[in-house]
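Below you'll find the structure, written out as structure tokens, and then a few comments.
Numbering (full-length UniProt numbering), first residue to last: 1 to 118.
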């Protein structure tokens with residue numbers, strides 16, 4: 001199976017459990033890998049046959065930007081569900097990072113895989 005990916009998609013949102021986090025917008029970074037058979041779009045050279053990473057990115061920017069979750073775990077699950085349900089993706093690996101959230105670390109977060117990779 002081929003992989004369509006989006007790397008370091010940066011989105012500002014309200015995320016976190018502490019009072020100060022509820023009052024500010026923080027930048028999150030998403031790295032996404034999605035299983036997709038690219039032989040059909042490659043043969044037709046038609047964007048209509050692709051898993052359009054621009055459409056996926058726009059949908060996540062809209063969703064995450066308007067969200068207000070306490071946990072990155074919850075947000076990661078919701079994003080993976082959107083990708084699988086709305087874009088027909090059978091397998092997704094999503095890494096959601098909070099850059100600068102912990103002193104001394106470049107970023108912290110979660111990496112999840114959902115679905116079957118064919």
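Quick reminder that beta carbons are idealized off the backbone N, C-alpha and C, glycines included. As the structure is a computational prediction, the values presented were derived from the model and not from experiment.
Put simply, the stretch 17-32 touches the stretch 89-106. At least three CB pairs are less than 8 Å apart. Taking each of 4, 48, 109 in turn and checking the Cα distance to residue 75, the smallest one comes out for 109. Within its own chain, the residues whose Cβ lies closer than 6 Å to the Cβ of residue 73, once the five positions on either side in sequence are excluded, are 110, listed in chain order. Shown here for residue 25: same chain residues with a beta carbon closer than 8 Å to its own, the five before and five after excluded, namely 12, 13, 14 in chain order. Between residue 4 and residue 66, the alpha-carbon positions lie close to 25 Å from each other.
Counted as a single uninterrupted DSSP element, the stretch harbouring residue 97 is not any alpha helix (DSSP H) but the beta strand (DSSP E) occupying residues 91-99. Within the model, the alpha-carbon separation for residue 42 versus residue 52 is close to 13 Å. Remark: C-beta atoms of residue 118 and residue 90 approach each other more closely than 8 Å. The C-beta distance from residue 114 to residue 80 rounds to 5 Å, short enough to meet the 8 Å contact threshold.
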